[in-house]
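Residue numbers (UniProt numbering): 1 to 504.
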Amino acid sequence: MFTLLPDQKLAPPIKKPKLEDVLDENEGNSGQQAQRRKQTVSDRSKQCPYLDTINRHLLDFDFEKLCSVSLTRINVYACLVCGKYFQGRGTNTHAYTHSVAESHHVFLNLSTLKFYCLPDNYEIIDSSLDDIKYVLDPVFTVRDIRSLDREDVKQSRTVDGTFYNPGVVGLNNIKANDYCNVILQALSHVKPIRDFFLMEKNYANIKRPPGDTAFTLVQRFGELLRKLWNPRNFKAHVSPHEMLQAVVLWSNKQFQITKQGDPIEFLSWFLHSLHKQLRGNKQPDSSVINRSFLGEMKIYTRKLPPTELDDVQKQLLLATDEYQEKEETSTFLYLTCDLPATPLFIDELRENIIPQVNLYQLLAKFNSISEKEYKTYKDNFLKRFEITRLPKYVILYIKRFTKNTFFLEKNPTIVNFPVKNVDFGDILTEENKKTHRYTKYNLVANIVHDGEPNSGTYRCHILQKSTNQWYEMQDLHVTNILPQMITLTEAYIQIYELQESDET
């Protein structure tokens with residue numbers, strides 16, 4: 001039997017650790033390991049060693065977001081080293097293969113606007129990349145939009161050091177789309193249109209009906225305007241490639257990139273398509289298109305008796321209801337101005353005379369007094385027009401082209417017009433004048449046709465309000481121009497803005 005000595009004590013019993021304590025310790029270790037791994041990834045994301053390989057000179061986000069290998073539109077990434085588009089990010093994808101084969105490591109997801117390093121496949125978080133994100137998807141606040149027309153707006157600078165004014169940026173002519181470019185440039189300087197489409201939230205919630213392709217038309221036009229007015233562009237021009245693809249698709253190839261078209265036909269179709277997509281109706285305030293351009297007029301129509309009848313028979317017909325003057329109310333987005341016929345003879349010096357006409361002579365068509373004869377295959381009519389409501393922006397279409405049996409003819413008549421203070425009140429009746437507080441308009445855009453009817457080109461003149469400077473824009477070429485030179489051109493389409501003040 002074991003006995004204890006007087007100075008010895010019994011050792012305390014050894015306790016086994018509880019199962020809960022062991023689990024807590026293991027969980028603590030694994031949590032610390034996960035935290036360390038997360039911290040490592042975070043440090044690597046913020047300290048990517050390949051950021052200096054990004055070449056901003058080669059980045060161009062104006063073209064369709066397609067993989068350059070598979071042509072897919074899903075999950076497309078842009079290589080920020082060479083500027084090419086590739087699909088996917090995982091192993092065996094085109095982007096992964098490109099990163100390994102070419103040693104290009106920095107990629108941008110064109111949908112989520114997140115940056116990744118391949119083939120390591122970790123997200124890059126760095127504030128120095130925000131400028132690339134802004135070029136891909138420019139964002140404007142209400143404050144930014146309000147400051148666009150301020151006089152203290154500074155010039156912007158591109159990556160290669162070129163200075164440019166936001167909004168005064170050339171559009172690339174892919175082949176024969178200059179007739180579209182001039183319309184897009186002109187509309188980009190109509191303030192309500194510009195302000196509406198610069199705020200993406202104004203049309204971001206438009207739901208796409210099944211089979212409706214016009215949904216992309218509104219989105220693409222908004223993207224184009226945001227790029228035109230972007231003060232942080234990498235280059236001083238923009239390509240309307242995606243915008244024009246939406247136009248070709250939605251118009252069923254009525255308007256094409258490779259074939260010259262008529263700007264007034266494109267303008268009419270484009271405004272109606274935007275109005276329809278913005279859920280507009282016949283009400284003046286139903287969309288930004290109607291609020292800007294929709295006016296109202298009365299049309300008085302009187303049928304003419306056949307010329308082969310004698311006076312007695314004509315008088316009998318004129319007494320019937322069919323030949324009485326009829327009145328109808330109509331709306332308009334633009335006013336068609338008819339040019340006088342060109343002279344058939346040359347002058348005494350045997351030189352062709354370039355005829356001239358005053359703008360107010362063309363506008364006299366809408367003074368409710370002047371009558372114009374319209375012929376159909378069966379009957380002839382006399383019509384007169386009375387404008388009852390002027391819109392905030394008046395679009396004038398100066399009809400220069402006429403088609404006959406054989407070919408298309410162009411009227412080269414020069415229209416003399418003032419750049420400021422065009423008083424449309426002169427063509428209003430006294431009754432209609434009372435409903436208009438202001439009737440003076442200033443020119444903001446002027447579209448010109450140069451050359452032969454079937455092979456000419458188009459250019460436009462734009463007023464930049466922040467500098468009060470006129471610019472001539474023909475595709476990528478942007479130059480200053482004096483307002484006195486604008487009146488000497490063969491104007492085709494003009495946009496006038498209401499002067500809502502008593503200034504002269």
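No residue lacks a Cβ here, since even glycine has one placed at the ideal position from N, Cα and C.
CB-CB length for residue i against residue j, believed under 8 Å
i: residue 262; j: residue 179; result: 7 Å
i: residue 86; j: residue 117; result: Actually they do not touch by this definition, with Cβ atoms about 14 Å apart.
i: residue 172; j: residue 475; result: 7 Å
i: residue 415; j: residue 491; result: 5 Å
i: residue 257; j: residue 181; result: Rounded, the Cβ-Cβ distance is 11 Å, inconsistent with contact.
i: residue 100; j: residue 80; result: Wrong, their Cβ atoms sit about 16 Å apart, outside the cutoff.
i: residue 408; j: residue 454; result: 6 Å
i: residue 440; j: residue 499; result: 5 Å
i: residue 158; j: residue 234; result: 6 Å
i: residue 342; j: residue 429; result: Not really, about 32 Å apart at Cβ, beyond 8 Å.
Range of the contiguous beta strand (DSSP E) that encloses residue i
i: residue 450; result: 440–450
i: residue 408; result: 408–410
i: residue 380; result: 380–389
i: residue 107; result: 106–109
i: residue 115; result: 115–117
i: residue 76; result: 76–79
i: residue 415; result: 414–416
i: residue 373; result: 372–375
i: residue 86; result: 85–87
Segment limits, alpha helix (DSSP H) that includes residue i
i: residue 50; result: Taken as a continuous stretch (DSSP letters only), residue 50 belongs to no alpha helix (DSSP H), as it is neither H nor E.
i: residue 186; result: 178–187
i: residue 145; result: 142–146
i: residue 459; result: It is not in any alpha helix (DSSP H) - residue 459 instead sits in the beta strand (DSSP E) that spans 457–464.
i: residue 267; result: 263–277
i: residue 358; result: It is not in any alpha helix (DSSP H) - residue 358 instead sits in the beta strand (DSSP E) that spans 356–358.
i: residue 314; result: 311–318
i: residue 151; result: Careful: residue 151 lies outside any alpha helix (DSSP H) and carries neither H nor E.
i: residue 96; result: 94–102
i: residue 427; result: Residue 427 -> no alpha helix (DSSP H), and no H or E assigned at all.
i: residue 198; result: 191–198
i: residue 483; result: 483–486
i: residue 136; result: 130–136
Paired residues, beta bridge with residue i - DSSP
i: residue 422; result: 441
i: residue 336; result: 397
i: residue 477; result: 474
i: residue 156; result: 164
i: residue 495; result: 395, 445
i: residue 330; result: 297
i: residue 237; result: 170
i: residue 124; result: 115
i: residue 469; result: 464
i: residue 553; result: Given that the chain is displayed from residue 1 to residue 504, the structure contains no residue 553 and the question cannot be resolved.
i: residue 302; result: 382
i: residue 367; result: 386
Close beta carbons around residue i, own chain, < 8 Å, minus the five adjacent residues each side
i: residue 168; result: 462, 464, 471, 473, 478
i: residue 22; result: Residue confidence for residue 22 is low, a pLDDT of 46 falling below 50, so the modelled location carries little weight; the figure read from the coordinates is stated next. Answer for residue 22: no residue qualifies.
i: residue 27; result: Only weak support is given to the placement of residue 27: the predicted model assigns it a pLDDT of 49, under 50, and the value that follows is read from those uncertain coordinates. Nothing meets the Cβ criterion.
Contacts around residue i, its chain only, beta-carbon distance under 6 Å, and the 5 residues preceding and following it disregarded
i: residue 295; result: 332, 389, 390, 391
i: residue 195; result: 145
i: residue 543; result: No information on residue 543 is available, as it lies outside the stretch 1 to 504 that the chain covers here.
i: residue 160; result: none
i: residue 231; result: 156, 166
i: residue 267; result: 183
i: residue 489; result: 448
i: residue 301; result: 326, 381, 383
Sequence-distant residues of the same chain with beta carbon closer than 7 Å to residue i, five excluded per side
i: residue 19; result: Residue placement at residue 19 is flagged as unreliable, the pLDDT there being 49, under the threshold of 50; the coordinate-derived value follows with that caveat. None.
i: residue 299; result: 328, 330, 383, 385
i: residue 65; result: 73, 76, 85, 110
i: residue 200; result: 222
i: residue 485; result: none
i: residue 495; result: 186, 190, 393, 395, 444, 445
i: residue 358; result: 416
i: residue 303; result: 322, 323, 379, 381
i: residue 336; result: 397, 399
i: residue 121; result: 89
i: residue 98; result: 79, 86, 104
i: residue 245; result: 64
i: residue 50; result: 105, 106, 117
Cβ contact (3+ pairs, closer than 8 Å) linking the segment 315–323 and the segment 416–426: no
Does the pairing of the segment 134–146 with the segment 441–460 give three or more beta-carbon distances under 8 Å? no
Validate contact between the segment 231–241 and the segment 359–374 using beta carbons, cut 8 Å, 3 pairs: no
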